[in-house]
Every structure is written in structure tokens, then in C-alpha cells.
Amino acid sequence: MKDPVLVVGAGPVGLTAALMLARHGTAVRIIDQNDGQTTLSKA
Ligand SMILES: Cc1cc2nc3c(=O)[nH]c(=O)nc-3n(C[C@H](O)[C@H](O)[C@H](O)COP(=O)(O)OP(=O)(O)OC[C@H]3O[C@@H](n4cnc5c(N)ncnc54)[C@H](O)[C@@H]3O)c2cc1C
Numbered sequence: 004m005k006d007p008v009l010v011v012g013a014g015p016v017g018l019t020a021a022l023m024l025a026r027h028g029t030a031v032r033i034i035d036q037n038d039g040q041t042t043l044s045k046a
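Structure below.
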């Protein structure tokens, strides 16, 4: 896949999807409605 991908949501699922896309050479931009890191534990 050569077109860039927009991942909406920087939780575990979004970050994992972005990582896998990047590993396969696809440009990724991640956006999230939150300003920064969560203070909660994530699965
Ligand atoms: C009360 C509670 C306690 C928990 N405690 C633990 C724990 O102690 N340890 C643990 O490992 N797991 C815990 N979990 C589970 C863990 O939080 C989830 O399994 C995990 O976060 C799911 O990941 P996700 O990527 O699917 O969703 P999320 O982590 O919810 O990520 C989704 C992201 O998308 C963003 N988003 C959503 N809609 C939009 C939008 N329209 N535009 C932009 N951004 C958007 C959100 O801001 C969020 O950052 C807990 C869950 C709950 C509800």
C-alpha cells in the first residue's frame, strides 16, 4: 500500500496498526482527540 494512511486514535489498537503499516513501508499519521499521554494503564 503506497497511499498514506490516517490512523484516528492513539490507543493500543491505533498505535499497533500504525506500527505495522510503518514496518511495511506505508506512511502513517496518527491523530487523537486527547492532548497528550494517558495516565491510565492500557492493555
Ligand atoms: C475503566 C477501565 C480500566 C482499565 N484498566 C486497565 C488496566 O489496568 N490495564 C490494562 O492493561 N487495560 C485496562 N483497561 C483496558 C484498556 O484501557 C483497553 O483494553 C485499551 O485501551 C483498548 O485499546 P483501544 O486502542 O481499542 O482503545 P483506546 O485505548 O480507548 O484508544 C482509542 C483512542 O482513540 C481516541 N479517539 C476516539 N475517538 C476519536 C475521534 N473521533 N477522534 C480522535 N481520536 C479519537 C481516544 O482519545 C483514544 O486515545 C481498562 C479499561 C477501562 C474502561
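In terms of my numbering, the sequence shown opens at residue 4 and continues consecutively. Backbone N, C-alpha and C define an ideal beta-carbon position, used for all residues, glycine too. Model, not experiment: these values are computed from the prediction.
Span of the beta strand (DSSP E), counted from its first residue to its last, around residue i
i: L43; result: Per DSSP, L43 belongs to no beta strand (DSSP E) and is neither H nor E.
8 Å contact criterion, which residue i and residue j should meet: CB distance rounded
i: G3; j: I33; result: As shown, the chain starts at 4 and ends at 46. That puts residue 3 outside it, with no answer to give.
i: A21; j: V10; result: 5 Å
Boundaries (first-last residue) of the alpha helix (DSSP H) holding residue i
i: A20; result: P15 to R26
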